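Enquirer: My questions all concern the structure below.
Protein chains in written order, with this note's numbering: chain X, 1 to 201; chain B, 1001 to 1434.
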């Protein structure tokens, strides 16, 4: 099995493109699942004062992959649809793989950040911000890698590519907000007094 | 690839369906507790009914009034009325008797005891007696009731008797007894205090909900402090000393223990939830997917069981346990795996439960207060000088030391007070002025 170039994966878009092209669709699905686990772990690990360890572990293992699948599938599909409308050449499969491999390092960094917050135990705001800097840097690199590779895959000019990425992001956020609004309506009108009482606490 | 995606979708659909439909089996101990038959509340001789009707208008017996309130309430519940209508059905407050006058708070500073107040304010005492004669007569009559049974089956719908007139009448009565003692009849006064103490110990023993337990502990506190004040007012003869010792005798199991109270609270809360919350959730309600009946009840009962275990510990072991928890930062409830299938119930069980540890401490503190009262009387009777007081406390530490460590009580010569340190910050020092 070929060794994965971890550090170049963070900094070099070309490496991401090569790894994405070489890997199978199944691998991309697995990578998205793992990224989802990393992200959910990063969020839930610092919450061990509120949740038991078993619950944190179960939420991470059971719902991490789901979060990864939903976000990656939804975002890739929106990206591909917007790209097609703008005359792009990339297939859905290509976009999906690029998304998976671009954001894997960021997911890992999120988990590391969660672990650091867990170990530090009630860190100050300054410490929290300082610890978040590497994560933010890697996230920026991930966005850069993804953007650069999407432009290449779609065979866009820089302007068209940037426009495609921005429209995709906005559409994705609208979709997300729409789901949130639907759930909120369900909560307000579908749930009973007890649930409402809980949300007011 | 399509097969993989399909499998993933099926897996999560089954997972969510399983979580949505799954509910735990009822805890067998909880089921046994709920199945235990409760004695009938509306029955002649139940002091709780008389408590409920204590402030009945002139000419109406407290028991009759309390009985009517209960029957009206039960009829409203059976008729399926909403909460507002149910609570409105329990009596018309406009025509009820109320306490007339003002009472200071006693025993918070030096020289603010009941005896001292009665001596300094004879007119006020006389006025309090004449303006509240009927309530006082009813208060005295409560001692004739042989039973005390609370309506646990009604849960939150059960009316709470107004305990304020009871506490006020106890203090008015003691003011009158203080006057009686100063006029020369100390024996008669002590006898009445003994009867009062017996009454409130009886209520405490039979209290199955927190509010009545805490009220009775508070009333017993007044009994102890007033008895100590009377016992230290002059040299006592043999008979008077025997009465004092009887008032200040150790507590029987159940007087101040909160074990049965917590069991009662568990039943009270569960019945309250059954009548209010669970009744409102229909079978097709989406809320049912996240709010499971058995899982919620089990979780709440688990919390009660843990507090029952803590309440059963002797004060020293209880203090050690709290210290360990503070050091290890354990004992703080966390949301567990049941959150996955019972999100609402799990959060409710974490948030909507009171801090029972404070109440357990109140029970232990009153044992400390009993020992302080004993010491106060003994110091006077044995004519111990201020200089010899600490040594006296050291000698008696085995039986009359602090309840949490059995160390001698602390003597503050400047303030003229005996004290011990309790466990929590709410009232760190329990003090008795000589």
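Positions of the beta carbon are idealized from the N, C-alpha and C atoms, including for glycine. Quick caveat: nothing in here was measured; it's all calculated off a predicted structure.
Considering only C-alpha positions, which residue in the set B:1275, B:1209 and B:1026 is nearest to residue 1292 of chain B?
Expert: One-based indexing of the second chain puts residue 1292 of chain B at position 292. Per the Cα distances, B:1026.
Enquirer: Could you tell me if residue 1366 of chain B is buried or exposed, where buried requires 16 or more neighbouring beta carbons within 10 angstroms of its beta carbon?
Expert: For the purposes of this step, residue 1366 of chain B is taken as residue 366 along the second chain, with counting starting at 1. That one is buried.
Enquirer: Using a cut-off of 9 Å between C-beta atoms, extract the partners of residue 188 of chain X located in chain B.
Expert: Against the first chain, residue 188 of chain X aligns to sequence position 188. Near residue 188 of chain X there are no residues of chain B at all, since even the closest Cβ is about 12 Å away, more than 9 Å.
Enquirer: With which residues is residue 1321 of chain B paired in a DSSP beta bridge?
Expert: Numbered from 1 along the second chain, position 321 holds the residue referred to as residue 1321 of chain B. In DSSP, residue 1321 of chain B forms no bridge with anything.
Enquirer: Interface residues of chain B around residue 54 of chain X at Cβ under 9 Å?
Expert: The residue you call residue 54 of chain X lines up with position 54 of the first chain. Here the neighbours are 1336 and 1337.
Enquirer: Below 7 Å between beta carbons is the criterion; list the residues of the stretch 20-51 of chain X that meet it against any residue of chain B, in chain order.
Expert: Answer in chain order: 25, 26, 29, 50 and 51.
Enquirer: Roughly how far, in whole angstroms, is the beta-carbon of residue 1157 of chain B from the beta-carbon of residue 1272 of chain B, given that I think they are within contact range, below 8 Å?
Expert: Numbered from its first residue, the second chain carries residue 1157 of chain B at position 157. Numbered from its first residue, the second chain carries residue 1272 of chain B at position 272. Indeed they touch by this definition, with Cβ atoms about 7 Å apart.
Enquirer: Hey, quick one: how far does the beta strand (DSSP E) through residue 1418 of chain B stretch, first residue to last?
Expert: Here residue 1418 of chain B refers to the residue found at position 418 when the second chain is read from its first residue. 1417-1421 is the extent of the beta strand (DSSP E) around residue 1418 of chain B.
Enquirer: Does the beta-carbon distance from residue 1115 of chain B to residue 1230 of chain B come in below 8 Å?
Expert: One-based indexing of the second chain puts residue 1115 of chain B at position 115. One-based indexing of the second chain puts residue 1230 of chain B at position 230. Against a cut-off of 8 Å, the Cβ pair of residue 1230 of chain B and residue 1115 of chain B comes out as a contact.
Enquirer: Can you tell me where the alpha helix (DSSP H) with residue 1033 of chain B in it begins and where it stops?
Expert: Start at 1 with the first residue of the second chain, and residue 1033 of chain B comes out as number 33. It spans 1028-1035 - the alpha helix (DSSP H) in which residue 1033 of chain B sits, taken as one unbroken run.
Enquirer: Just how far apart, CA to CA, sit residue 1289 of chain B and residue 1346 of chain B?
Expert: In the second chain, residue 1289 of chain B corresponds to position 289, counting from 1. In the second chain, residue 1346 of chain B corresponds to position 346, counting from 1. Residue 1289 of chain B and residue 1346 of chain B: Cα-Cα distance of roughly 13 Å.
Enquirer: Could you give the first and the last residue of the continuous alpha helix (DSSP H) run that contains residue 1209 of chain B?
Expert: Here the question's residue 1209 of chain B lines up with position 209 in the second chain. First-last for residue 1209 of chain B: undefined, no H or E at that position.
Enquirer: By Cβ distance below 8 Å, which residues in the same chain neighbour residue 1171 of chain B in space, the five residues on each side in sequence not counted?
Expert: Here residue 1171 of chain B corresponds to residue number 171 of the second chain, with the count starting at 1. Closer than 8 Å at Cβ, skipping near neighbours: 1103, 1106, 1114 and 1222.
Enquirer: Does residue 201 of chain X come within less than 8 Å of chain B when only Cβ atoms are used?
Expert: Along the first chain, read from residue 1 onward, the residue named residue 201 of chain X stands at position 201. With a pLDDT of 46 at residue 201 of chain X, under the threshold of 50, the modelled position of that residue is not reliable, and no figure is offered here.
Enquirer: Alpha carbon to alpha carbon, how far is residue 1134 of chain B from residue 1234 of chain B? Give it in angstroms, no decimals.
Expert: On the second chain, residue 1234 of chain B is found 234 positions in, with the first residue counted as 1. On the second chain, residue 1134 of chain B is found 134 positions in, with the first residue counted as 1. When rounded, the distance between both Cα atoms is 33 Å.
Enquirer: I want to verify the contact list: residues of chain X whose CB lies under 7 Å from the CB of residue 1008 of chain B, in sequence order.
Expert: Locating residue 1008 of chain B in the second chain gives position 8, where the first residue counts as 1. 69, listed in chain order.
Enquirer: Reducing DSSP to helix, strand and coil, say where residue 1410 of chain B ends up.
Expert: Start at 1 with the first residue of the second chain, and residue 1410 of chain B comes out as number 410. The answer is strand: DSSP assigns residue 1410 of chain B an E or B state.
Enquirer: Could you pull the DSSP bridge partners for residue 942 of chain B from this structure?
Expert: This structure does not reach residue 942 of chain B, given that chain B is present from 1001 up to 1434, and the question cannot be answered.
Enquirer: Just the C-alpha distance for residue 1434 of chain B and residue 1205 of chain B, rounded to the nearest angstrom, thanks.
Expert: Numbered from its first residue, the second chain carries residue 1434 of chain B at position 434. Numbered from its first residue, the second chain carries residue 1205 of chain B at position 205. The alpha-carbon atoms of residue 1434 of chain B and residue 1205 of chain B are separated by roughly 30 Å.
Enquirer: Would you kindly work out how many angstroms separate the C-alpha atoms of residue 1 of chain X and residue 120 of chain X, rounded to a whole number?
Expert: Locating residue 1 of chain X in the first chain gives position 1, where the first residue counts as 1. Locating residue 120 of chain X in the first chain gives position 120, where the first residue counts as 1. In this prediction, residue 1 of chain X scores a pLDDT of 49, lower than 50, which makes its location untrustworthy; no coordinate-derived value is stated.
Enquirer: Give me the subset of the stretch 63-88 of chain X whose CB atoms are less than 7 Å from a CB atom of chain B, sorted by chain position.
Expert: So the close ones are 66 and 69.
Enquirer: Is the Cβ of residue 58 of chain X closer than 8 Å to any Cβ of chain B?
Expert: In the first chain, counting from the first residue as 1, residue 58 of chain X sits at position 58. Taking Cβ atoms only, chain B reaches closer than 8 Å to residue 58 of chain X, which makes this a yes.
Enquirer: Thinking C-beta only, is residue 1358 of chain B closer than 8 Å to residue 1296 of chain B?
Expert: The sequence position of residue 1296 of chain B within the second chain is 296, counting from 1. The sequence position of residue 1358 of chain B within the second chain is 358, counting from 1. The answer is no: Cβ separation not under 8 Å.
Enquirer: Please state whether the Cβ-Cβ distance between residue 138 of chain X and residue 10 of chain X is less than 8 Å.
Expert: The sequence position of residue 138 of chain X within the first chain is 138, counting from 1. The sequence position of residue 10 of chain X within the first chain is 10, counting from 1. In this structure, residue 10 of chain X lies closer than 8 Å to residue 138 of chain X by Cβ.
Enquirer: Count the other C-beta atoms from every protein chain shown that fall within 10 angstroms of the C-beta of residue 1416 of chain B, then say buried if there are 16 or more, exposed otherwise.
Expert: Here residue 1416 of chain B corresponds to residue number 416 of the second chain, with the count starting at 1. Label assigned to residue 1416 of chain B: exposed.
Enquirer: Does the beta carbon of residue 1012 of chain B come closer than 8 Å to any beta carbon on chain X?
Expert: Numbered from its first residue, the second chain carries residue 1012 of chain B at position 12. Yes, because at least one Cβ of chain X sits closer than 8 Å to the Cβ of residue 1012 of chain B.
Enquirer: Nearest-angstrom Cα distance between residue 148 of chain X and residue 80 of chain X?
Expert: Within the first chain, residue 148 of chain X is the residue found at index 148, counting from 1. Within the first chain, residue 80 of chain X is the residue found at index 80, counting from 1. Straight-line Cα distance between these residues: approximately 15 Å.
Enquirer: When burial is assigned at 16 or more other CB atoms within 10 Å of the CB, is residue 1299 of chain B buried or exposed?
Expert: Residue 1299 of chain B sits at position 299 when you count from the first residue of the second chain. By the 10 Å Cβ count, residue 1299 of chain B comes out buried.
Enquirer: Since residue 154 of chain X contacts residue 88 of chain X with CB under 8 Å, what's their CB separation in whole angstroms?
Expert: Against the first chain, residue 154 of chain X aligns to sequence position 154. Against the first chain, residue 88 of chain X aligns to sequence position 88. Indeed, because the Cβ distance is near 3 Å, the residues count as touching under 8 Å.
Enquirer: If we define contact as Cβ-Cβ less than 8 Å, is residue 1001 of chain B a contact residue for chain X?
Expert: Numbered from its first residue, the second chain carries residue 1001 of chain B at position 1. Chain X, which has a Cβ nearer than 8 Å to the Cβ of residue 1001 of chain B, makes this yes.
Enquirer: Relative to the C-alpha of residue 1096 of chain B, which candidate in B:1065, B:1285 and B:1077 has its C-alpha closest?
Expert: Working through the second chain from its first residue, we reach residue 1096 of chain B at position 96. Residue 1096 of chain B has its Cα closest to that of B:1065, out of B:1065, B:1285 and B:1077.
Enquirer: Output needed for residue 201 of chain X: all residues of its chain with C-beta closer than 8 Å, excluding positions within five of it in sequence on either side, in chain order.
Expert: As a working mapping, residue 201 of chain X is identified with position 201 in the first chain. For residue 201 of chain X, the pLDDT reaches just 46, beneath the cut-off of 50, and the residue's location in the model is therefore unreliable, leaving the point undetermined.
Enquirer: Let's test the definition: count the other Cβ atoms within 10 Å of the Cβ of residue 125 of chain X and tell me whether it reaches 16, buried, or not, exposed.
Expert: Within the first chain, residue 125 of chain X is the residue found at index 125, counting from 1. Exposed, by the Cβ-count rule.
Enquirer: Taking only beta-carbon atoms, is residue 1021 of chain B less than 8 Å away from chain X?
Expert: Within the second chain, residue 1021 of chain B is the residue found at index 21, counting from 1. No, no contact with chain X.
Enquirer: If you measure between the beta carbons of residue 1073 of chain B and residue 1062 of chain B, is that distance less than 8 Å?
Expert: Taking the first residue of the second chain as position 1, residue 1073 of chain B is located at position 73. Taking the first residue of the second chain as position 1, residue 1062 of chain B is located at position 62. Their beta carbons are not under 8 Å apart, which means residue 1073 of chain B does not touch residue 1062 of chain B by this criterion.
Enquirer: Count the other CB atoms within 10 Å of the CB of residue 1409 of chain B; is the residue buried (16 or more) or exposed (fewer)?
Expert: Locating residue 1409 of chain B in the second chain gives position 409, counting from the first residue. So residue 1409 of chain B ends up on the buried side.
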